[in-house]
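**Q** Once you've had a glance at the structure underneath, I'll fire off some questions.
Protein chains in written order, with the numbering used here: chain A, 1 to 141; chain B, 1001 to 1122.
So, in structure tokens, the structure goes:
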């Protein structure tokens, strides 16, 4: 992110939906502390909610950790969980393509992750999903 | 998140949301959206005061829209800012519930659609 000093904020969370709420509150506080723009905060918040809920509800994760690092050319966010393997970089993207009543209710998260992040890198590492997302300074614009 | 519902004289239901449509926001309005989906005819969801939406918020809108459409009813969304619109368009939700800049333009489209439907029935 242009003009921002390199800083990192990290926190561990239990794998519960209630903790996802805590993670959103933590992100809002840290975004202000790190000086992130509104669009970057929107994009990061959107992606972290998606990843957190997916890890807890589908991956049955017991723990998740989030690190946010501001860098000269953007924001780097690492999301690590101990749930079932899930690689969003290769997961299919779903989108409603026509006006129909027969659309699916879920499964749109991968598309949102790809749309709102600049780049995603995934690694399965010692029983953990380790996903690094990169965001533009003005992500979401 | 706050949710205010107003019915117009000509059968439109104007739903004004105020707040973040995140996990907590979706929980706060889910039940009322489900109720509306069973009773309303033409629903316009006004997102002008919604600065954030994520997957659970989109899910709430999708569940409601699907139930409405299956009953032959309608949903439209208005007032969404750039980021919120981008989320809705990314999922394709705009294909099933049109996105309009404001209540008036959404209302005009739903009124026209309702009139066409009534004409075809008659």
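Using N, Cα and C, we set each Cβ at its ideal position, and we do this for glycine too.
1. Taking the Cβ atom as the reference point for each residue, do residue 64 of chain A and residue 79 of chain A lie within a distance shorter than 8 Å?
2. Could you give the distance in angstroms between the alpha-carbon of residue 1084 of chain B and the alpha-carbon of residue 1119 of chain B?
3. Of all the beta strand (DSSP E) runs that stay within the bounds of the stretch 1003-1091 of chain B, which reach a length of 3 or more residues?
4. Can the beta-carbon of residue 1054 of chain B be found closer than 8 Å to that of residue 1096 of chain B?
5. Let's test the definition: count the other Cβ atoms within 10 Å of the Cβ of residue 126 of chain A and tell me whether it reaches 16, buried, or not, exposed.
6. Can the beta-carbon of residue 1068 of chain B be found less than 8 Å from the beta-carbon of residue 1031 of chain B?
7. So, using beta-carbon positions, are residue 1023 of chain B and residue 1106 of chain B closer together than 8 Å?
8. At which residue ranges does the stretch 45-118 of chain A contain complete alpha helix (DSSP H) runs of 4 or more residues, listed in the order of the chain?
9. Can you name, in chain order, every residue of its own chain whose Cβ lies under 7 Å from the Cβ of residue 26 of chain A, other than the five neighbours on each side?
10. By a C-beta neighbour count over all protein chains shown, 10 Å radius and 16 as the cutoff for buried, is residue 101 of chain A buried or exposed?
11. According to the neighbour-count rule (16 or more other Cβ atoms, all chains shown, within 10 Å of its Cβ), is residue 33 of chain A buried or exposed?
12. Could you round the C-beta distance between residue 1029 of chain B and residue 1017 of chain B to whole angstroms and report it? I think they count as a contact, below 8 Å.
13. Report the partner residues of residue 124 of chain A according to the DSSP bridge assignment.
14. Hey, out of A/75, A/117, A/83, whose CA is closest to residue 1090 of chain B's CA?
15. Confirm, please, whether the CB-CB distance from residue 1074 of chain B to residue 1111 of chain B is below 8 Å.
**A** So, from the data block:
1. yes
2. 35 Å
3. 1012-1018, 1042-1049, 1074-1078
4. no
5. exposed
6. no
7. no
8. 109-116
9. 11
10. exposed
11. exposed
12. 7 Å
13. A/129
14. A/117
15. no
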